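> The numbering of the sequence shown is this note's numbering, which starts it at 2 and goes up by one. Note that CB positions come from ideal geometry on N, CA and C, so glycine has one too. Computed from a predicted model, the values in this text were never measured in an experiment.
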Amino acid sequence: MENKKYNEEFETIVGDILTHSEFLKLKLIEHHGNGLYEHSVAVGYHSFRVAKTLGMDYASVARGALLHDFFMESWQGQKKDSKGIQRIKDMHGFSHPKTALINAEKYFDIDERQADMIVKHMFPLTPIPPMNMGSWVVTAVDKFVAIREIVFERSRPMRRLKGFLLKA
């Protein structure tokens, strides 16, 4: 029953983002063996839960977290022609937070703290650390969700183990 309460509250806070036509395009982009939409929702939801538990402005954190990867282009397999420092700056891990912030500001009303959550979520790849506690929550939760997706969603170790055991 508790999860239903949290789900409904989360959906009330971020419903306009979840159903926005531009945000829905994230469903078409692969990310960590999962869809980018699903990844973003997971980071938004878990950040919301952490912020609520810590007595923070959980609505602001939920919105900033949900928009942290709001970019519309698939980055896997893209060839980079730049050289040196510019090549590093053009790499997805360094560049996508700025793209996400541009998109978030274009389609939604976000505040300074949410902007920091979006643009700093890749710390320490982004050299300037997060400036508020909400940004630290989003940064940590994003790492947790990404690791969970890569290890458990993409590789599906339990499914592989079951398949191996069934063949034995």
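Only counting the same chain, and skipping five residues up and downstream in sequence, which positions put a Cβ closer than 8 Å to that of His97?
Along the sequence shown, read from residue 1 onward, the residue named residue 97 stands at position 96. These residues qualify, in order along the chain: Asp70, Phe72, Trp76, Met123.
> Check Leu25 in the structure and name its three-state DSSP category.
Here residue 25 refers to the residue found at position 24 of the sequence shown. The answer is helix: DSSP assigns Leu25 an H, G or I state.
> Tell me whether the beta-carbon of Ala52 lies closer than 9 Å to the beta-carbon of Gly135.
Working through the sequence shown from its first residue, we reach residue 52 at position 51. Working through the sequence shown from its first residue, we reach residue 135 at position 134. The answer is yes: Cβ separation under 9 Å.
> Is the beta carbon of Phe24 closer than 9 Å to that of Ile1?
The chain is shown from 2 up to 169; residue 1 falls before or after that span and cannot be answered.
> Count the other CB atoms, across all protein chains shown, that sit within 10 Å of the CB of Thr20; report buried if there are 16 or more and exposed otherwise.
In the sequence shown, counting from the first residue as 1, residue 20 sits at position 19. Classification of Thr20: exposed, given that the 10 Å Cβ count is below 16.
> Does the Cβ of Pro131 have 16 or more other Cβ atoms within 10 Å, making it buried, or fewer, making it exposed?
The residue labelled residue 131 in the question sits at position 130 within the sequence shown. Its Cβ being crowded by 16 or more others within 10 Å, Pro131 is buried.
> Is there contact here, the stretch 136 to 152 with the stretch 60 to 67, by at least three beta-carbon pairs under 8 Å?
Touching, yes.
> Helix or strand or just coil, what does DSSP make of Gly36?
Here the question's residue 36 lines up with position 35 in the sequence shown. It is a strand residue.
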